[in-house]
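Since the structure comes first, as structure tokens, the remarks are kept for the end.
Chains as they are written, first to last, in my numbering: chain Z, 21 to 278; chain Y, 47 to 185.
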């Protein structure tokens with residue numbers, strides 16, 4: 021009886037120690053990764069546009085590290101179609117210590133017809149950036165699908181604005197950031213440079229009032245972004261708009277003593 | 047957990063001292079080649095085994111490696127050894143009771159990239175330096 025009791029007791033303690041040890045190991049590795057706790061993401065959408073784009077970047081980084089292979093930047097977009105525009109050469113990617121994608125926080129597409137101008141809103145929370153990281157580049161990415169026959173031979177000008185001040189009665193105060201001129205029939209990812217704005221938002225989080233996107237024809241006629249083929253919240257998960265920022269560490273991460 | 051760690055350390059220290067004792071006897075018997083030289087060993091850190099697949103997208107884990115073995119005179123020519131380690135080895139031979147042998151430790155470390163979700167479902171791709179042992183040597 022004594023032997024049985026001892027057997028049960030020792031196995032119980034052994035099990036407890038093992039799970040304790042596992043927790044301890046998890047805590048140590050989280051500390052090495054510079055994380056205060058294990059992240060609990062709300063969504064598990066590994067096949068959403070941003071995680072897929074980031075996985076492409078990860079694979080490109082691995083290939084570069086493995087054999088000094090200089091990948092063509094276009095290869096990064098293989099899972100998401102070719103880009104209609106691109107901002108940078110691949111060198112800035114290899115210089116980055118950290119790359120972070122941000123989900124769009126606007127729940128519904130606000131394609132408000134304001135004073136005969138359609139627009140769409142986007143917001144990104146940049147408050148979760150780890151300390152000691154400086155933004156070296158930032159891009160806003162939105163997917164453009166085929167346009168319906170109505171605009172087949174049309175050219176669109178797509179412009180991104182930073183919202184400086186929101187007005188409920190009239191149009192918001194906006195600052196133009198970047199624009200693209202494209203054919204209606206074109207399809208793929210559109211990339212807009214929002215580096216300066218991202219830096220501004222990191223330093224002044226209260227000024228982060230988001231972005232607004234406008235589409236117009238060559239004659240200046242406002243076009244509904246949806247009609248121009250720009251994918252919004254109701255579109256496929258693999259083509260959702262997102263923001264990506266590249267960071268360079270300004271200070272060395274030192275593990276805190278425990 | 048800390049006390050168990052200490053116990054483990056104590057146990058490994060005592061078993062190490064037993065090993066070195068055995069190694070010394072072997073040397074005396076003229077079969078020193080059985081003693082393990084400082085070298086790199088396999089150690090895989092599995093994020094999957096830690097149950098982190100829900101937030102770590104890639105990799106599933108990584109080969110971290112560790113360095114283990116003795117830094118004994120003569121330090122192998124293929125092994126990275128600091129000048130000081132060579133001197134310390136000689137001094138150890140003169141005064142083995144008071145001067146320890148040099149330590150077998152990493153001399154070159156590589157970075158790894160980890161891709162993971164944060165609490166807000168944003169995705170982070172971060173490069174972590176000094177995570178993988180590329181070469182071991184005597185310090």
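Every residue, glycine too, gets a C-beta built ideally from N, C-alpha and C.
Remember, it's a predicted structure, so these values are computed and weren't measured experimentally.
Taking DSSP as the reference, what is the three-state secondary structure of residue i?
i	result
residue 156 of chain Y	strand
residue 68 of chain Z	coil
residue 114 of chain Z	helix
residue 246 of chain Z	coil
residue 258 of chain Z	helix
residue 231 of chain Z	strand
residue 124 of chain Z	coil
residue 111 of chain Y	coil
residue 38 of chain Z	helix
residue 46 of chain Z	helix
residue 222 of chain Z	helix
residue 237 of chain Z	strand
residue 137 of chain Z	strand
residue 266 of chain Z	strand
residue 161 of chain Y	strand
residue 172 of chain Z	coil
residue 250 of chain Y	No statement about residue 250 of chain Y is possible, as the shown extent of chain Y runs from 47 to 185 and does not include it.
Identify, in the order they occur along the chain, each residue of the same chain with its Cβ nearer than 6 angstroms to the Cβ of residue i, setting aside the five sequence neighbours on each side.
i	result
residue 144 of chain Z	122 and 263
residue 162 of chain Z	210, 250 and 261
residue 156 of chain Z	266 and 268
residue 219 of chain Z	155
residue 258 of chain Z	69
residue 184 of chain Z	193 and 195
residue 137 of chain Y	145
residue 238 of chain Z	175
residue 134 of chain Y	148
residue 143 of chain Y	none
Assuming residue i and residue j are in contact, meaning their beta carbons sit under 8 angstroms apart, how far apart are those beta carbons, in whole angstroms?
i	j	result
residue 192 of chain Z	residue 232 of chain Z	7 angstroms
residue 176 of chain Z	residue 214 of chain Z	Actually they are not in contact, since the Cβ atoms of residue 176 of chain Z and residue 214 of chain Z sit about 19 angstroms apart, beyond 8 angstroms.
residue 178 of chain Y	residue 161 of chain Y	Contact doesn't hold; Cβ gap of about 16 angstroms is too wide.
residue 74 of chain Z	residue 119 of chain Z	7 angstroms
residue 170 of chain Y	residue 164 of chain Y	6 angstroms
residue 31 of chain Y	residue 148 of chain Y	Missing from the structure shown is residue 31 of chain Y; chain Y here goes from 47 to 185 and no further.
residue 61 of chain Z	residue 167 of chain Y	4 angstroms
residue 252 of chain Z	residue 150 of chain Z	With 8 angstroms as the limit, residue 252 of chain Z and residue 150 of chain Z do not qualify as a contact, their Cβ atoms being about 30 angstroms apart.
residue 146 of chain Z	residue 228 of chain Z	6 angstroms
residue 131 of chain Y	residue 121 of chain Y	7 angstroms
residue 113 of chain Z	residue 77 of chain Z	7 angstroms
Could you pull the start and end residues of the beta strand (DSSP E) that residue i belongs to?
i	result
residue 209 of chain Z	208-213
residue 5 of chain Y	With chain Y represented from 47 up to 185, any question about residue 5 of chain Y goes unanswered, as that position is not in the structure.
residue 196 of chain Z	193-203
residue 182 of chain Y	169-184
residue 164 of chain Z	153-164
residue 176 of chain Z	175-185
residue 87 of chain Y	85-87
residue 91 of chain Y	90-92
residue 140 of chain Z	140-142
residue 149 of chain Z	No beta strand (DSSP E) holds residue 149 of chain Z; DSSP gives it neither H nor E.
residue 103 of chain Y	102-104
So, for residue i: in the same chain, excluding its five sequence neighbours on each side, which residues have a beta-carbon less than 7 angstroms away from its beta-carbon?
i	result
residue 91 of chain Y	107, 108 and 110
residue 112 of chain Y	87, 89 and 179
residue 205 of chain Z	166, 167 and 172
residue 203 of chain Z	175
residue 94 of chain Y	106 and 107
residue 70 of chain Z	121, 123 and 262
residue 174 of chain Y	157, 158 and 160
residue 217 of chain Z	182 and 197
Please return the same chain residues whose Cβ sits closer than 8 angstroms to the Cβ of residue i, not counting the five positions on each side in sequence.
i	result
residue 58 of chain Z	46 and 50
residue 181 of chain Z	194, 195, 196, 197, 231, 232, 233 and 234
residue 242 of chain Z	136, 137, 138, 234, 235 and 236
residue 181 of chain Y	86, 126, 152, 153 and 154
residue 288 of chain Z	Lying outside 21 to 278, the shown extent of chain Z, residue 288 of chain Z is not represented and no answer is given.
residue 270 of chain Z	152, 153 and 154
residue 103 of chain Y	161, 162, 163 and 169
residue 117 of chain Z	153, 267, 268 and 269
Check whether the Cβ of residue i sits closer than 7 angstroms to any heavy atom of the ligand COA, and report yes or no.
i	result
residue 40 of chain Z	This structure simply doesn't include the ligand COA, nor any ligand for that matter.
Between the stretch 52-74 of chain Z and chain Y, which residues of the former have a C-beta closer than 9 angstroms to a C-beta of the latter? 52, 53, 54, 55, 57, 58, 59, 60, 61, 62, 63, 64, 65, 66, 68, 70, 71, 73 and 74
Proximal residues, the stretch 231-246 of chain Z versus chain Y, C-beta separation under 8 angstroms: none
Give me the subset of the stretch 114-133 of chain Y whose CB atoms are less than 7 angstroms from a CB atom of chain Z, sorted by chain position. none
Could you name the residues of the stretch 137-171 of chain Y whose beta carbon sits closer than 7 angstroms to any beta carbon of chain Z, in the order they occur along the chain? 159, 160, 161, 162, 163, 164, 165, 166, 167, 168, 169, 170 and 171
What are the residues in the stretch 158-176 of chain Z lying within 9 angstroms of chain Y by C-beta distance? none
Closer than 7 angstroms, Cβ to any Cβ of chain Y: which residues of the stretch 111-123 of chain Z, in chain order? 117, 118, 119, 120, 121, 122 and 123
What are the residues of the stretch 135-150 of chain Z that lie near chain Y, defined by any Cβ-Cβ distance shorter than 7 angstroms? 145 and 148
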